[in-house]
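The opening residue of the sequence shown carries number 6 in our numbering; numbering runs sequentially from there.
Cβ coordinates follow ideal geometry from the N, Cα and C atoms, glycine included.
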Amino acid sequence: MSERRTPMADYDAMSTSTAGRVMETYSTSFSLASRLLDARTRTDIRNLYAVVRIADEIVDGTASDAGLTDTGVREELDAFEYQVMRALGSGFSTNPPVHAFAGTARRTGITAEHMTAFFSSMRRDLSPSPVYDDAELAAYIYGSAEVIGLMCLCIFTAGHGLPEGDLDRCATGARRLGAAFQKINFLRDLHEDTAELGRSYLGDGDPLTDRRRDEVIADVRADLDAALETVPLLPVRARAGVIAAALLYRELTDRLAVTPASVIMRHRVSVPARVKATIPARALLTAARMRP
């Protein structure tokens with residue numbers, strides 16, 4: 006006769022299942038890439054995604070659509086941060102995705118400092134400047150994207166000790182991959198950010214030009230290339246998933262590179278599903294050819 010699972014085991018299973026639904030609902034790209042990871046790593050990545058996505062939804066309009074005032078949205082973000090920080094300490098939350106993430110964080114070494122940086126950037130989105138200077142933008146990208154890469158690295162390397170030098174290089178690669186993703190998101194989401202959310206990440210608030218588009222694209226490509234150079238240092242179990250995510254964003258980058266700036270300002274460019282479907286095989290082949 007099989008042993009009955011404990012109440013905590015049932016709660017953990019429910020929480021991770023709920024967290025997994027967040028990624029499935031909001032990101033076909035990351036869902037596709039995560040399927041190339043082993044089961045434990047995939048679950049941890051989905052748990053992380055759920056928490057950062059919920060915070061994103063709070064600041065990007067969902068809370069406002071629910072009828073919350075600007076003050077109410079800020080209070081909701083503060084309350085969510087409190088839930089996350091409390092769960093990091095206790096290992097438990099009545100919010101299932103937060104509970105799932107806390108288990109991942111405590112086991113893989115994700116820290117409160119990571120989440121403090123993340124929530125700082127989320128809070129910045131609630132009172133954005135008309136224009137970001139270089140220092141402000143760098144700080145925003147670190148908290149909103151680079152630190153996500155560092156938390157993913159914690160997950161990928163949990164239980165797999167890397168030499169200190171390799172770990173440092175991987176940390177740099179993780180930050181640059183996160184930065185690349187965020188910068189290309191700035192281009193992809195330009196219409197929504199400027200017209201609906203009142204944000205200007207890419208310059209002085211003037212309309213996007215083809216020249217400015219090309220500058221961003223060149224920056225993104227440099228980040229992607231630098232990040233991919235460090236993938237062979239990662240544990241084998243993580244490589245294909247990371248490569249798949251990078252290839253998906255490289256495809257989006259290539260499409261934005263040939264889209265006139267005037268079109269980017271009005272429409273959201275995306276990668277067709279039929280193209281996305283080819284990415285996993287390419288990622289697996291690339292990973293199989295890699296040597297540390």
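CA nearest to the CA of residue i, picked from the options
{"i": "Thr235", "options": "Leu261, Ala143, Arg294, Asp171", "result": "Asp171"}
{"i": "Cys159", "options": "Ile115, Ala24, Ala140, Arg9", "result": "Ile115"}
{"i": "Asn190", "options": "Pro212, Val221, Glu201, Ala179", "result": "Val221"}
{"i": "Ala262", "options": "Pro277, Ala223, Leu238", "result": "Ala223"}
{"i": "Ser126", "options": "Val89, Gly164, Asp61", "result": "Asp61"}
{"i": "Gly246", "options": "Ala71, Ala286, Asp259, Ser267", "result": "Ala286"}
Residue i, enclosing alpha helix (DSSP H) - first and last residue
{"i": "Phe123", "result": "117–129"}
{"i": "Glu234", "result": "215–234"}
{"i": "His104", "result": "101–113"}
{"i": "Leu252", "result": "241–262"}
{"i": "Val274", "result": "Per DSSP, Val274 belongs to no alpha helix (DSSP H) and is neither H nor E."}
{"i": "Arg296", "result": "No alpha helix (DSSP H) contains Arg296, which DSSP labels as neither H nor E."}
{"i": "Glu86", "result": "75–95"}
{"i": "Glu141", "result": "139–146"}
{"i": "Arg174", "result": "169–193"}
{"i": "Ala150", "result": "Taken as a continuous stretch (DSSP letters only), Ala150 belongs to no alpha helix (DSSP H), as it is neither H nor E."}
{"i": "Glu201", "result": "No alpha helix (DSSP H) holds Glu201; DSSP gives it neither H nor E."}
{"i": "Leu53", "result": "44–64"}
{"i": "Val27", "result": "12–31"}
{"i": "Asp211", "result": "Taken as a continuous stretch (DSSP letters only), Asp211 belongs to no alpha helix (DSSP H), as it is neither H nor E."}
Assigned exposure category for residue i - 16 Cβ within 10 Å defines buried
{"i": "Met6", "result": "Bear in mind that a pLDDT of 47 at Met6, under 50, signals an unreliable position, so the number given afterwards is only what the model happens to contain. Exposed is the call here."}
{"i": "Arg58", "result": "buried"}
{"i": "Glu86", "result": "buried"}
{"i": "His272", "result": "exposed"}
{"i": "Arg294", "result": "exposed"}
{"i": "Val268", "result": "exposed"}
{"i": "Ala227", "result": "exposed"}
{"i": "Val241", "result": "exposed"}
{"i": "Ala24", "result": "buried"}
Alpha-carbon to alpha-carbon, residue j and residue i
{"i": "Ala105", "j": "Ser22", "result": "9 Å"}
{"i": "Asp215", "j": "Pro265", "result": "6 Å"}
{"i": "Thr30", "j": "Pro277", "result": "17 Å"}
{"i": "Leu257", "j": "Leu73", "result": "34 Å"}
{"i": "Arg129", "j": "Tyr145", "result": "8 Å"}
{"i": "Asp43", "j": "Gly108", "result": "17 Å"}
{"i": "Ile50", "j": "Ser39", "result": "7 Å"}
{"i": "Asp65", "j": "Val78", "result": "10 Å"}
{"i": "Arg10", "j": "Ala18", "result": "10 Å"}
{"i": "Met270", "j": "Leu192", "result": "8 Å"}
{"i": "Val274", "j": "Ala179", "result": "25 Å"}
{"i": "Leu53", "j": "Leu252", "result": "21 Å"}
{"i": "Ser149", "j": "Thr162", "result": "21 Å"}
{"i": "Leu41", "j": "Met28", "result": "15 Å"}
{"i": "Leu37", "j": "Thr283", "result": "10 Å"}
{"i": "Thr76", "j": "Ser32", "result": "28 Å"}
Cβ-Cβ distance between residue i and residue j below 8 Å
{"i": "Val225", "j": "Lys281", "result": "no"}
{"i": "Ala243", "j": "Thr48", "result": "no"}
{"i": "Ala110", "j": "Val103", "result": "no"}
{"i": "Ser20", "j": "Pro101", "result": "yes"}
{"i": "Gln88", "j": "Ser98", "result": "yes"}
{"i": "Ala249", "j": "Ala288", "result": "yes"}
{"i": "Tyr206", "j": "Tyr254", "result": "no"}
{"i": "Cys175", "j": "Leu229", "result": "no"}
{"i": "Glu151", "j": "Ala184", "result": "yes"}
Short CB-CB distance (under 8 Å) between residue i and chain C
{"i": "Met28", "result": "Of the protein chains in the structure, only one exists, and it is not chain C."}
Proximity test, residue i beta-carbon vs the ligand ADP heavy atom, cut-off 7 Å
{"i": "Arg174", "result": "The ligand ADP is not part of the structure shown, which contains no ligands of any sort."}
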